[in-house]
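Heads up: the structure comes next, in structure tokens.
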Amino acid sequence: MDAKLAKYPDSTFIYALFLINAVIFLVMLYADQSFKKYADPRLAITMYKHFMCSMQNLQEGRWWTLLTSSLAHRDPMHILFNMVTLGFMAPPVLALTGPSTFLALYFGGSLVSNVVSLLAKTLLHDGQHARVPSMGASGSIYALMTTFACVHPHATFLIFFVLPAPAWAVVGGIFAYDAFRSFAEPGIRTDTAGHVGGILTGLLFWRFGLRGIRI
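In full-length UniProt numbering, the protein residues as written are 1 to 215.
Here it is, written out as structure tokens:
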């Protein structure tokens with residue numbers, strides 16, 4: 001697969017993800033406005049069914065939302081933060097893995113983060129949040145970030161783009177913080193369990209998918 005994709009520059013795959021995320025974000029905004037202004041829920045329902053991961057969608061056979069939800073955002077700051085982080089993390093990971101493995105890692109992060117999120121919603125706190133949908137590229141991006149941090153643990157990350165810290169400390173801190181919030185603060189808007197799933201994806205990929213890499 002990489003042989004066929006190698007004819008394209010690495011930036012092609014990054015820009016494609018930017019574009020797809022941006023287009024779906026704009027459609028989401030239009031769907032929300034159509035519902036709020038014109039009481040027309042049809043597009044919003046369609047986007048929910050195909051770009052949000054929820055127990056209801058899986059029970060109704062829409063398994064692809066485990067992947068497509070990583071391409072969807074509704075909040076401007078959410079997509080901005082995720083795309084800026086993707087812009088920093090994607091080039092070094094793509095150079096390390098090649099395009100097909102990079103895309104597998106991106107969508108693998110989405111898959112695992114959604115599974116962990118659904119399990120947490122179902123098993124924790126009497127399952128009272130089981131039907132809350134998830135969306136966004138955070139799980140995928142945390143998978144990329146963790147892979148990079150495992151290969152280059154002493155590389156410098158900028159917390160909030162200002163405060164320098166080693167990559168291992170940043171990822172470890174995010175994991176501890178989000179794992180704690182998953183148990184302590186159920187029902188919050190941020191899908192912290194999904195973040196944990198993304199980090200676990202990166203760890204597993206580094207351990208079993210990058211055996212030839214030496215730190």
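Don't be surprised by glycine CBs; every beta carbon is placed ideally from N, CA and C.
- Gly98 and Met89 have their C-alpha atoms spaced approximately 14 Å apart.
- Judged by DSSP secondary structure, Pro76 falls outside any beta strand (DSSP E) and instead within the alpha helix (DSSP H) spanning Pro76 to Thr97.
- Here Thr156 has Pro164, Ala165, Pro166 and Ala167 as same chain residues with Cβ atoms under 8 Å from its own Cβ, once five neighbours each way along the sequence are excluded.
- DSSP places Leu124 in the coil class of the three-state scheme, outside both helix and strand.
- Per DSSP, the unbroken beta strand (DSSP E) holding Ala165 starts and ends at Leu163 to Pro166.
- One thing to note: His50 has its Cβ within 8 Å of the Cβ of Thr65.
- As a beta-bridge residue in DSSP terms, Thr156 pairs with Pro166.
- Setting aside the 5 residues that flank it on each side, Tyr142 is surrounded in the same chain by His195, Gly198 and Ile199, each with a C-beta closer than 6 Å to its C-beta; the list follows chain order.
- Closest option to Leu144, judged by alpha-carbon separation, among Asn114, Asp75, Pro133 and Phe205: Phe205.
- Listed in chain order, the non-local C-beta contacts of Thr68 below 7 Å within the same chain comprise His50 and Phe51, local neighbours out to five positions each way being set aside.
- The beta carbon of Ile159 sits closer than 6 Å to the beta carbons of Ala165 from its chain, once the five residues preceding and following it are set aside; these are given in chain order.
- About 11 Å separates the beta carbon of Thr147 from that of Leu94, a gap too long to meet the 8 Å contact definition.
- Tyr8 sits exposed, since fewer than 16 C-beta atoms from the chains shown fall within 10 Å of its C-beta.
- Annotation for Pro41: Phe35 place their beta carbon closer than 7 Å to its own, counting only its chain and skipping 5 residues before and after.
- In the three-state reduction of the DSSP assignment, Ser138 falls in the helix class.
- Scanning its chain for C-beta atoms nearer than 7 Å, with the 5 sequence neighbours on each side dropped, one finds around Phe25 the residues His73 and Ile79, in chain order.
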